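Comments concern the structure below.
In the working numbering, the protein residues as written are 11 to 101.
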């Protein structure tokens, strides 16, 4: 039986940084996929709720595009944050 890691705001933040590595933006669906790929039990409603909190606390702007929200993830310290996020999501 597969054991999943517990979803936390810090895991969501780390996954958002990794998911936004290329474009600087991400969606909750991208974040959910990143988390699942790394062994977290992530459902859309939980990721969406935590992503709102993370974006607000981090000062990330977001846009409501109807069926989903697009988050702009800060690219300041881009390389270092990406490495830190990678380490944070390791089990």
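By construction, the Cβ of each residue, glycine as well, lies at the ideal position given by its N, Cα and C atoms. Just so you know, these numbers come straight off a predicted model, no measurement behind them.
| Check | Outcome |
| --- | --- |
| Taking the continuous alpha helix (DSSP H) assigned at residue 38, which residues delimit it? | 38-47 |
| Could you give the residue range of the beta strand (DSSP E) that holds residue 29? | Taken as a continuous stretch (DSSP letters only), residue 29 belongs to no beta strand (DSSP E), being part of the alpha helix (DSSP H) at 19-29. |
| Less than 8 angstroms between the CB atoms is what I'm expecting for residue 68 and residue 23, so what's the real figure, rounded? | 7 angstroms |
| Tell me the start and end of each unbroken beta strand (DSSP E) in the stretch 45-75 that is at least 3 residues and wholly inside, in chain order. | 72-74 |
| For residue 61, is the beta carbon positioned less than 8 angstroms from some heavy atom of the ligand SAM? | Of the ligands one can find in the structure shown there are none, so the ligand SAM has no counterpart to examine. |
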